[in-house]
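Enquirer: This structure is in structure tokens; I'll ask about it shortly.
Residue numbers (the working numbering): 192 to 321.
Structure (structure tokens):
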């Protein structure tokens with residue numbers, strides 16, 4: 192009797208305002224054969240999350256200033272513990288606050304990428320996502 196091991200394909204949601212970063216993340220994720228949904232729009236993101244059911248998320252920490260708690264709450268309801276990769280600018284306090292909030296809600300922070308994006312590091316993070 193043979194048992195097949197089924198592995199779930201990574202479904203990566205990319206929420207990023209910078210088109211270059213968004214395109215780079217999408218290209219690398221496609222190369223890794225992930226299912227990818229990439230956007231810079233926060234409007235209606237809850238319906239995208241419920242229908243796409245991501246296993247991992249790349250989040251621009253500046254994109255969800257007002258709705259960060261709502262976003263994190265949504266992704267914890269889909270598939271806890273959600274894997275998150277943050278993309279950030281220069282303000283370390285802002286990044287630390289976003290990371291602390293995500294961790295306190297039970298999300299798994301895989302890492303933080305600073306702009307400009309180190310493509311080798313991005314590929315390493317994506318390669319370790321589920």
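Ideal Cβ positions, reconstructed from N, Cα and C, are used throughout, including at glycine.
Per the DSSP calculation, residue 377 is bridged to which residue(s)?
Expert: The first residue shown for the chain is 192 and the last is 321, placing residue 377 beyond what the model contains.
Enquirer: When the Cα atoms are used, what is the spatial distance from residue 287 to residue 272?
Expert: Counted from its first residue, the chain shown places residue 287 at position 96. Counted from its first residue, the chain shown places residue 272 at position 81. When rounded, the distance between both Cα atoms is 19 Å.
Enquirer: Measure the alpha-carbon distance for residue 219 versus residue 301 and round it to whole angstroms.
Expert: For the purposes of this step, residue 219 is identified with residue 28 of the chain shown, where counting begins at 1. For the purposes of this step, residue 301 is identified with residue 110 of the chain shown, where counting begins at 1. Answer to the nearest angstrom: the Cα atoms are 16 Å apart.
Enquirer: How many angstroms separate the CA atom of residue 212 from the CA atom of residue 299?
Expert: As a first step, residue 212 is located in the chain shown; it is residue number 21 there, counting from the start. As a first step, residue 299 is located in the chain shown; it is residue number 108 there, counting from the start. Computed Cα separation, rounded: 21 Å.
Enquirer: So, for residue 285: in the same chain, excluding its five sequence neighbours on each side, which residues have a beta-carbon less than 8 Å away from its beta-carbon?
Expert: Within the chain shown, the letter at position 94 stands for residue 285. Hits under 8 Å: 252, 253 and 279.
Enquirer: List the endpoints of the continuous beta strand (DSSP E) containing residue 278.
Expert: Reading the chain shown from its first residue, position 87 is the one you call residue 278. Start and end: 274-279.
Enquirer: In the DSSP assignment, the beta strand (DSSP E) including residue 318 goes from what residue to what residue?
Expert: Your numbering for residue 318 matches position 127 in the chain shown. Segment 310-318 is the alpha helix (DSSP H) holding residue 318; no beta strand (DSSP E) there.
Enquirer: Identify whether residue 244 lies in helix, strand or coil by the three-state DSSP scheme.
Expert: Numbered from its first residue, the chain shown carries residue 244 at position 53. In the structure shown, residue 244 sits in coil (DSSP, three-state: anything other than H, G, I, E or B).
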